[in-house]
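Quick note on UniProt numbering: the sequence shown kicks off at 1 and runs consecutively. Glycine included, every Cβ here is placed at the ideal spot set by N, Cα and C.
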Amino acid sequence: MNSLDIRTVNVVQYIKPLREGGSLPAIVKADDDFLYVLKFRGAGQGKKALIAELIGGELARTVGLKIPELVFMNLDDSFSKTEPDEEIQDLLKFSVGLNLGLHFLSSAITFDPLVTTVDAVTASKVVLLDSIISNIDRTVKNTNLLQWNNELWVIDNGASFYFHHNWATWENHLTRTFPLIKNHVLLTQATQLDEVAKEFLQLITKEKIAEIIQTIPEDWLAHEADDLSPDEMRTAYTSYLEAKLAMIDSLVKEAENAR
């Protein structure tokens, strides 16, 4: 077990692809008999999307948002050998090893802003967190939110931290705000940003950030094409989050102006 106690399970059955996701995630069964949505390391954005999903998800949990349990999922090479679909076959082949899974919320429905209103505190938490992690993908077109048991659940944080797709310029992002917050699906309902910001500063401590960053599997941080070592990448993610928290008032002001 690691410091956050994220469990590791083994995939025992590939059930079906979720074709609405750009990266072709799948519903799978694990050896604990639960169903998960599996995010593949071999998908388009690769291991970086898994890192963003892990950090964003555990930060969401830290600030009291609902998020399905995240688990590390071992995938062996047997599944690609029996898969008839070539695209999925390749995905399975390139994803052997450690992947990321989210507990499957059976019968959850996609959040529809025209049908459901969200309370101001929850909306403010989602907006401010997405601003901190630079999540470009929580818009009306693609909410990446679910309604389950009459509660709002946050999923799909994989499009966050987009600075990590070009490590050469990551430090340029330390002082930037997040203008794309203007497209956020919950922005109009986020009327408690000031109060939520104070709460975030108490909850997202340096210790909590360190704990989450340490949870990233070493294997996910190793890319031949990258200039930074895994330890330097951990430092970069940490510095980025600390920088955003230090400028949280600017992020709040930007979101309020956009609203």
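Can you look up residue i in the DSSP assignment and give me helix, strand or coil?
i, result
"K198", "helix"
"N257", "helix"
"H223", "coil"
"M1", "Because M1 sits at a pLDDT of 39, beneath the cut-off of 50, its placement in the model cannot be relied upon, and the following sentence gives the value as read from the coordinates. M1: coil per DSSP, three-state reduction."
"Q192", "coil"
"V252", "helix"
"Q45", "coil"
"T235", "helix"
"T177", "coil"
"L59", "helix"
"N166", "coil"
Going by DSSP, name the residue or residues bridged to residue i.
i, result
"K39", "L100"
"V28", "Y14 and Y36"
"H184", "T139"
"K66", "W153"
"T205", "DSSP, once it has assigned bridges, lists no residue as partnering T205."
"T8", "F72"
Using the beta-carbon count (16 or more within 10 Å), is residue i buried or exposed?
i, result
"E130", "The question names Glu, yet the displayed sequence has Asp at residue 130. Under this definition D130 is a buried residue."
"I109", "exposed"
"H184", "buried"
"V252", "buried"
"D90", "exposed"
"M1", "Residue placement at M1 cannot be trusted, given a pLDDT of 39 that sits under 50; the coordinates are not used to answer."
"D231", "exposed"
"G44", "exposed"
"D33", "exposed"
Compute every distance between the C-beta of residue i and the non-hydrogen atoms of the ligand MN, then say whether any falls below 8 Å.
i, result
"I209", "The ligand MN is not among the ligands present in this structure, which contains no ligands whatsoever."
Start-end ranges of the beta strand (DSSP E) lying completely within the stretch 71-159, minimum 3 residues: 97-103, 145-148 and 151-154
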